[in-house]
Amino acid sequence: MDIFLAVVEHSSFSKAASALDVSTSHVSRQIQQLETRLGTVLLQRTTRSIKLTEEGLAYANKLKVIQQELLDANNELQGVQHTPKGPIKITGAGDFMANRVAPVIAKFCKLYPEVRVHIDFNARNVDLVEDGFDLAIRFGRLQDSRLIARKLSTRYMKLLASPEYLNDAPPLEKPRDLSQHNCLIAISNRWRFLGDNGIDEVKVAGSWRSNNPQAILHACKSGLGIAHLAQDIAEHSIASGELISLLDDHQVTDNATWLVYPRKDLMPLRVRLLIDFLLKYVS
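The UniProt record's numbering numbers the first residue of the sequence shown as 1 and each following residue consecutively.
Below, the structure written as structure tokens:
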């Protein structure tokens, strides 16, 4: 029954097998045996997809209720409402993750010492469901409808350059002028600004590209070009005069850092507690 629910959740025999750390053939055999015992077809299989039959959908819904009640009963018996235990796998990257999120997670682990946390600092936008992550910290606009997103904080952007770079650079009076500049690119070469009729995307180009914001920051301070970074990354360099903030009136205000997690009918208590903890203490 657990294997059947895993197949339902992942809509795939192979993905369910990967999540359960068993072979695809084992999953297939177990589903066939379950259908034989029940005397009905639960899943319609094609070469490209699987789909629940009407009987399979009704059975899955009832099993989810039973599974949640069983989990609640186990939690109550073991007292995990007060002492959650087990692994939590989190992915994220950048200074915000290292300096703002990780310290809060450390406090959570001190509060609940039987929870084991694995933080993967990976700039790649991993698939939470396929790669088995419970949570992710992501920046910007989100597009994956399979995920639930909770806002952790607003992140204000800054367009930055060193005095050395600006001394010899062409004038920069509006975002479109960036086409004449060497831009230091992080994840995207399309930078968003406020224009006369809403938000404009400006395509930029340059000689330096990195998915590490600190590398972008150092290149900018060295006079290599113009950077577009989150304010919290650059605030010390701006205060010291190493960098100058440009076109502040054109900066958008809809960038945010998000706590995201897969849509699941069942979520371990330890994960629910960490979500609440991060939403309360990360800002």
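No residue lacks a Cβ here, since even glycine has one placed at the ideal position from N, Cα and C.
Nearest neighbour of residue i, chosen from the options [CA to CA]
i	options	result
Ala-60	Leu-70, Leu-5, His-118	Leu-5
Lys-221	Val-115, Glu-242, Asn-122, Thr-36	Glu-242
Leu-160	Leu-152, Ser-153, Ala-169, Thr-154	Ala-169
Leu-12	Ile-50, Lys-158, Leu-274, Cys-109	First, the residue type needs correcting, since residue 12 is Ser and not Leu in the sequence shown. The residue with the shortest Cα to Cα distance from Ser-12 is Ile-50.
Glu-9	Ser-23, Leu-52, Glu-35, Val-22	Leu-52
Tyr-156	Ala-234, Pro-171, Ser-23	Ala-234
Ser-188	His-181, Gln-180, Arg-209, Asn-197	Arg-209
Ile-137	Thr-24, Lys-151, Asp-131	Lys-151
Pro-163	Ser-245, Thr-47, Gly-56	Ser-245
Ala-205	Asn-212, Ala-186, Val-101	Ala-186
Glu-54	Asp-131, Arg-48, Gln-44	Gln-44
Thr-257	Met-97, Ser-153, Val-104	Ser-153
Asn-212	Ser-25, Ala-98, Thr-47, Ile-275	Ala-98
Asn-125	Gly-140, His-118, Glu-114, Leu-111	Gly-140
Asn-122	Leu-63, Arg-190, Pro-84, Gly-94	Gly-94
Asp-254	Leu-279, Leu-194, Asp-21, Thr-36	Leu-194
His-236	Asn-197, Glu-201, Leu-217	Leu-217
Ile-275	Val-252, Cys-109, Arg-190	Cys-109
Glu-69	Pro-268, Leu-279, Phe-277, Leu-273	Pro-268
Val-252	Gln-180, Pro-171, Lys-158	Lys-158
Leu-63	Met-1, Thr-46, His-250	Met-1
Ala-219	Leu-184, Leu-229, Arg-190	Leu-184
Arg-263	Leu-247, Ala-149, Ala-215, Ser-283	Ala-149
For residue i: DSSP bridge partner residues
i	result
Phe-13	None; Phe-13 has no bridge partner.
Met-1	None, per the DSSP bridge assignment.
Ile-137	Leu-259
Leu-43	Leu-52
Gly-132	The partner list for Gly-132 (beta bridge, DSSP) is empty, contrary to what the question assumes.
Gly-195	Gly-198
Gln-214	Its beta-bridge partners do not exist; DSSP assigns none.
Asp-68	Correcting the residue type first, residue 68 is Gln in the shown sequence and not Asp. DSSP output for Gln-68 lists no bridge partner at all.
Per-residue DSSP class, three states only, for residue i
i	result
Met-97	helix
Gly-56	helix
Lys-203	strand
Leu-152	strand
Arg-124	coil
Ala-161	strand
Leu-20	helix
Ile-187	coil
Leu-63	helix
Leu-147	strand
Run of the beta strand (DSSP E) containing residue i, from where it starts to where it stops
i	result
Leu-259	256 to 262
Val-115	115 to 121
Thr-91	86 to 92
Ala-227	226 to 230
Gln-32	Careful: Gln-32 lies outside any beta strand (DSSP E), inside the alpha helix (DSSP H) at 24 to 38.
Ile-244	244 to 246
For residue j and residue i, believed in contact at Cβ under 8 Å, the rounded distance
i	j	result
Thr-91	Asp-120	5 Å
Gln-41	Val-27	According to the sequence as given, residue 41 is Val; it is not Gln. Actually they do not touch by this definition, with Cβ atoms about 16 Å apart.
Ile-31	Ile-3	7 Å
Leu-147	Leu-128	7 Å
Glu-130	Lys-15	6 Å
Arg-270	Gly-39	Their Cβ separation, rounded to whole angstroms, is 38 Å, which puts Arg-270 and Gly-39 out of contact at 8 Å.
Ser-207	Asn-182	6 Å
Val-104	Tyr-281	5 Å
Pro-175	Asp-200	6 Å
Leu-178	Ile-226	7 Å
Pro-84	Leu-273	6 Å
Limits of the alpha helix (DSSP H) - the one that residue i falls within
i	result
Ser-179	Here Ser-179 belongs to no alpha helix (DSSP H), and DSSP marks it neither H nor E.
Ile-105	102 to 111
Arg-272	269 to 281
heavy atom of the ligand MN below 6 Å from residue i C-beta
i	result
Ser-28	The model depicted lacks the ligand MN and carries no ligand whatsoever.
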